[in-house]
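Residues in the sequence shown are numbered consecutively from 317, following the numbering used here.
Where a beta carbon is used, it is the ideal one built from N, C-alpha and C, also for glycine.
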Amino acid sequence: MADNGAALSSSSSSSSLSEGMYDVFLSFRGEDTRYISSDSLYRKLAENGNLKVFRDCPGLKLSDPIKSTLVEAIKGSRMFIVMMSSNYVSSSWCLVELVEILKYSNNGRNRAVFPVFYHVEPSEVRYQNSVKSKEAMRKHEERYGKDTVAAWESALSTICGLCGQHIVKNKGYETEVIDKIAEQVLAKNREIKQLLNRFDSQFEAVESLLDLKSRNTLRMVGIYEEDAEIDKTTFTLELYYKIKHEFKEASFLLGVSKTLEESADGLKNLQKAILSDMGVEVSTVDCTSTGSSEIKRRLRHKRVLLVLNDVDSKMHLELLARSGDLFGPGSRIIITTEDKDLLDNYPVIDGVETKTYCIRECDEFEGNKSSNHIVKEEYVVGLKKDFNDVIKQLMEEDSRDGNIVSIVGMGGIGKTTLARKIYNSDEVKKLFACRAWATISKDCREKEVFKSLLNCLKSSTSKHEDSSSEEELMQKVRKCLTGKKYLIVLDDIWDTKAWATLKGCFPENNDGGMILITTRNDQVAYFLRSKKPHHKLSFMDKEESWKLFCNEVFCREKCPPKLERIGRSIANTCSGLPLAIKITAGFVAKTKRSGDEWKRIKKLLPHLRIVEDKECKKMKERLMLSYDDLPENIKPCFLYLGVFPEDDQICARDLIRLWITEGLIEEPIQSGRSKATPAELEDIGEQHLKELVDRNLVQVSQRRSDDKGVKTCQIHDLIRELCISESKNPDNNNNNARRLSFPKDIGSYAWVVTSYSKRLPSYCAIF
């Protein structure tokens, strides 16, 4: 249990970039851990490890309420160690503290949380099944209410689901476990510091936009991320503590839109938080109008820093920053958002300058070299054979086969994960003298790609690169690669147009240099003449799916036997798509570890994936990119796939005939000729199906006897959900058209097609 007083115990020295932050927040309860394990761990981290550690003081009173200084310390910590003893759940303070830790760490996803079970079984903490724990929770419920206790129980379940250490009484040496914990924390700290160093130039860029030296005007900067793997909250928190000393008062509000949407008192609570963070008594705030008046009265003459984290709409932004006279001259407001257009041409405050900044994939330092891509260490399930096959192709230097190797597959299937694994492997590091990574994306910006490659290939870069022309940058990349054995990864290439410009940066005589591309479209791989066979990623099998699911839910620990059956069933609903497995596991990880709860989640999953969860919305957006990239004449054919039942094998011939019957196949424009023949329409339909297969939106189940055409095919459940949801979009054409549907409970849809074809008008007569 951490101290809420003014005196904070920490090491005197720290190498952190943001001096206001703590490297570690050490949370515990009880005399048994205070003077033995926690003190030993503190010394190893603070004194021997030179980390800045927040911990409690000996004079702490258990009856004291949790105060803002403690929340501020949690907010400003990069890692958390939670030491739980047999008395842990009896402390309401510890439980409130735990909720705050999980909130600011995003349940351990954005910031590391290390649970330590001190002389207590994890199951006792998770389920409160001892007599002592049950009695403690009963008393909590009487005093604080059912809702509060339910939130505490959820937090206990979550913390127990994270990877941790167990100190067992009278079994082994405690010092060995403490040493292991310290080793893990120090390793994580090194990883964090490397990331912060890579962010350093981006901090400078945002500080330049904020123009901190100017004290006459108000300024607002919106921050969004280009890559979902870069956490904008972590980035902005580091920036917040780096610059807050420049201001009289400062406040960081987490999850603004979520708070406003989930509670009728959301705005009032946020107003109170602003005032509290900035040292103002908040007891007088009883309504939102009072809150606004109080903020204006207390802060209008002060230079303040306000961070509004996760703002999803202009309406929410207006509620907290609609007036330019709330804060004093020189104040700065930072917005983090997923909507990069939120501040564009939007007069939030009269006369205020609004800027936007995109957090891009940043440098990975390796000796004197750097890569523009964040390559995070992650536990990769499967892909061993895929890894070996691609490495083998990269090692083949026969010029007749070219120097391009491709990884092809649908969105979310793991192309980038495999490319990362290869890029960081010892095999590749030994084989290639230099490596570089650039993410291309659908909206390819060639100049940015060349700059990214230069950041990887040059030992140092200078700001003059920004003023160089696209041609100059291309020539600089070419010069860096000439005469070297290199590996260049071009991740997420969408079309052949991008390659027309990018290929100019590669020397004609590549001297063993290789290019690894990832793409959703097999046609791109053919156009680039990549080595055959193109490496096409397949879905995970059931065991791989289960292994990935367990890793995401239990952090590589074993699943309790009583949950394995329902857990495997949930994992199987994802049909082997890694992205879907991770997001589904994210739902499960947030819930209580019980069979009944998991069964409830399984029933809700189809609805959750479409509507509720932010991560699922991101997943749908990634899949939508493939739909948006389709030619307009093929989109209706793609959406039509939603009428087929889940997991059914679709006969290609029947599918094409149904497209024709429904009028979805456009006839070619022909002058002086009669209407297209049925055979010609079927040929067009086959080309449309081939296009969908090449783009990995449709999977081939069986080939025809000639091994060229498609006999049967199927689509992933998430693709089917996309077809259904997008078909309901009023912006799409043909929404008023009548469509066949094939209910699952009838059995094989082929029977329905056969029966229904007798009643079909028009083109059905030609079959």
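Find out if the Cβ-Cβ distance for the pair Gly-829, Met-790 is shorter than 9 angstroms. Counting from one through the sequence shown, the residue named residue 829 turns up at place 513. Counting from one through the sequence shown, the residue named residue 790 turns up at place 474. Cβ atoms of Gly-829 and Met-790: not closer than 9 angstroms.
Beta-carbon within less than 7 angstroms of Asp-463's beta-carbon, same chain only, minus the 5 sequence neighbours each way: which residues are those? Translated into positions along the sequence shown, residue 463 becomes position 147. Hits under 7 angstroms: none found.
Could you check what DSSP says for Phe-822 in three-state terms: helix, strand or coil? Translated into the one-based positions of the sequence shown, residue 822 becomes position 506. The answer is coil: DSSP assigns Phe-822 none of H, G, I, E or B.
Among the residues of its own chain, which have a CB less than 6 angstroms from the CB of Leu-1038, if the five just before and after it don't count? Along the sequence shown, read from residue 1 onward, the residue named residue 1038 stands at position 722. Result list for Leu-1038: Leu-939, in chain order.
Hey, would you say Met-633 sits closer than 9 angstroms to Leu-624, going by beta carbons? Your numbering for residue 633 matches position 317 in the sequence shown. Your numbering for residue 624 matches position 308 in the sequence shown. The sequence as given places Leu at residue 633; Met does not occur at that position. Result yes, Cβ atoms of Leu-633 and Leu-624 sit closer than 9 angstroms.
Delimiting residues of the alpha helix (DSSP H) encompassing Ala-498: Against the sequence shown, residue 498 aligns to sequence position 182. Per DSSP, Ala-498 belongs to the alpha helix (DSSP H) from 490 to 526.
Check whether the Cβ atoms of Tyr-802 and Leu-773 sit closer than 9 angstroms, and answer yes or no. Residue mapping note: residue 802 aligns to position 486 of the sequence shown, counting from 1. Residue mapping note: residue 773 aligns to position 457 of the sequence shown, counting from 1. Result yes, Cβ atoms of Tyr-802 and Leu-773 sit closer than 9 angstroms.
Rounded distance between the beta-carbons of Ile-590 and Ser-567, thought under 8 angstroms: Numbered from its first residue, the sequence shown carries residue 567 at position 251. Numbered from its first residue, the sequence shown carries residue 590 at position 274. With 8 angstroms as the limit, Ser-567 and Ile-590 qualify as a contact, their Cβ atoms being about 5 angstroms apart.
How long is the line joining the alpha carbons of Gly-582 and Thr-652, rounded to whole angstroms? Here residue 582 is taken as the residue at index 266 of the sequence shown, counted from 1. Here residue 652 is taken as the residue at index 336 of the sequence shown, counted from 1. When rounded, the distance between both Cα atoms is 18 angstroms.
Exposure label - Gly-728; buried when at least 16 CB within 10 Å: Here residue 728 refers to the residue found at position 412 of the sequence shown. Gly-728 is buried by the Cβ-count criterion.
Separation of Thr-575 from Lys-419, as counted between CA atoms: The sequence position of residue 419 within the sequence shown is 103, counting from 1. The sequence position of residue 575 within the sequence shown is 259, counting from 1. For Lys-419 and Thr-575, the distance between alpha carbons rounds to 12 angstroms.
Give the secondary structure of Cys-890 by DSSP, where H, G and I count as helix, E and B as strand, and everything else as coil. On the sequence shown, position 574 is the one that residue 890 refers to. Cys-890 falls in the coil class under three-state DSSP.
Helix, strand or coil at Cys-410 [DSSP, three-state]: If you number the sequence shown from 1, residue 410 lands on position 94. Three-state DSSP puts Cys-410 in a helix.
Suppose contacts are defined by Cβ-Cβ distances below 9 angstroms. Is Lys-368 in contact with Met-337 by that definition? Sequence index remark: in the sequence shown, residue 368 carries index 52 (1-based). Sequence index remark: in the sequence shown, residue 337 carries index 21 (1-based). Yes. Within cutoff.
Please list, in chain order, all residues of the same chain as Phe-748 whose beta carbon is under 6 angstroms from its beta carbon, the five residues on each side excluded. For the purposes of this step, residue 748 is taken as the residue at position 432 of the sequence shown. These residues qualify, in order along the chain: Lys-801, Tyr-802, Leu-803.
Can you find the residues in the same chain that come closer than 7 angstroms, C-beta to C-beta, to Met-711, ignoring five residues on each side of it along the sequence? Numbered from its first residue, the sequence shown carries residue 711 at position 395. Excluding positions up to five away in sequence, the list reads Leu-747.
Three-state secondary structure assigned by DSSP to Asp-970: Residue mapping note: residue 970 aligns to position 654 of the sequence shown, counting from 1. Here Asp-970 sits in helix by DSSP.
Check Ser-741 in the structure and name its three-state DSSP category. Along the sequence shown, read from residue 1 onward, the residue named residue 741 stands at position 425. Ser-741: coil per DSSP, three-state reduction.
How big is the Cα-Cα spacing for Ala-901 and Thr-907? By one-based count along the sequence shown, residue 901 stands at place 585. By one-based count along the sequence shown, residue 907 stands at place 591. Answer to the nearest angstrom: the Cα atoms are 10 angstroms apart.
Let me check one thing: in DSSP terms, what residues is Met-400 bridge-paired to? The residue labelled residue 400 in the question sits at position 84 within the sequence shown. Answer is Phe-433.
Buried or exposed, going by whether 16 or more other CB atoms sit within 10 Å of the CB of Leu-569? Mapped onto the sequence shown, residue 569 falls at position 253. Leu-569 should be labelled buried.
Distance between Ser-393 and Gln-587 (C-alpha atoms, nearest Å): What you label residue 587 is simply residue 271 of the sequence shown in a count that begins at 1. What you label residue 393 is simply residue 77 of the sequence shown in a count that begins at 1. The alpha-carbon atoms of Gln-587 and Ser-393 are separated by roughly 24 angstroms.
Which of the three DSSP states, helix, strand or coil, is assigned to Ala-580? Position 264 of the sequence shown, counting from 1, holds the residue named residue 580. Ala-580: coil per DSSP, three-state reduction.
Please report the distance separating the alpha-carbon of Ile-649 from that of Phe-643. Residue mapping note: residue 649 aligns to position 333 of the sequence shown, counting from 1. Residue mapping note: residue 643 aligns to position 327 of the sequence shown, counting from 1. Using only the alpha carbons, I get a separation of about 10 angstroms.
Proximity below 9 angstroms, CB of Met-726 to CB of Ile-1035: As a first step, residue 726 is located in the sequence shown; it is residue number 410 there, counting from the start. As a first step, residue 1035 is located in the sequence shown; it is residue number 719 there, counting from the start. Yes, they are a contact pair.
Contained beta strand (DSSP E) runs [length at least 3] in the segment 829 to 863, N- to C-terminal order: 830 to 835
Over the uninterrupted alpha helix (DSSP H) stretch that includes Cys-750, give me the two end residues. Here residue 750 corresponds to residue number 434 of the sequence shown, with the count starting at 1. Counting along the chain, Cys-750 falls outside any alpha helix (DSSP H), though it belongs to the beta strand (DSSP E) covering 750 to 755.
Comparing C-alpha positions only, which one of Glu-416, Gly-883, Asn-364 sits nearest to Asp-495? On the sequence shown, residue 495 is found 179 positions in, with the first residue counted as 1. Ranking the options by Cα distance to Asp-495, first place goes to Asn-364.
Chain-order list of residues whose beta-carbon lies under 6 angstroms from that of Leu-1076 (same chain, five-residue window excluded): Taking the sequence shown and counting its residues from 1, one reaches residue 1076 at position 760. Any reading at Leu-1076 must be qualified, since the residue scores a pLDDT of 40, below 50, and its modelled position is unreliable; the value itself is stated next. Around Leu-1076: Thr-977.
Count the other CB atoms, across all protein chains shown, that sit within 10 Å of the CB of Glu-880; report buried if there are 16 or more and exposed otherwise. Along the sequence shown, read from residue 1 onward, the residue named residue 880 stands at position 564. Glu-880 is exposed by the Cβ-count criterion.
Specify the secondary structure class of Leu-921 as computed by DSSP and reduced to three states. Translated into positions along the sequence shown, residue 921 becomes position 605. In this structure, Leu-921 counts as helix in the three-state DSSP scheme.
Would Ser-942 and Gly-892 be called neighbours here (beta carbons separated by less than 9 angstroms)? As a first step, residue 942 must be located in the sequence shown, where it is residue number 626. As a first step, residue 892 must be located in the sequence shown, where it is residue number 576. No, the Cβ-Cβ distance between Ser-942 and Gly-892 is not below 9 angstroms.
Burial state of Ser-631 (16 or more Cβ within 10 Å): Counted from its first residue, the sequence shown places residue 631 at position 315. According to the sequence shown, residue 631 is Met rather than Ser. Met-631 comes out exposed.
Pick from Glu-982, Glu-788, Asp-742: whose alpha carbon is nearest that of Asn-704? Indexing the sequence shown from 1 puts residue 704 at position 388. Here the closest residue by C-alpha is Asp-742.
Ends of the alpha helix (DSSP H) at Cys-760? The residue given as residue 760 occupies position 444 in the sequence shown. Counting along the chain, Cys-760 falls outside any alpha helix (DSSP H), and DSSP gives it neither H nor E.
Inspect the beta-carbon positions of Gly-698 and Lys-863 and report whether they are closer than 9 angstroms. For this step, residue 698 is matched to residue 382 along the sequence shown. For this step, residue 863 is matched to residue 547 along the sequence shown. Closer than 9 angstroms, so yes.
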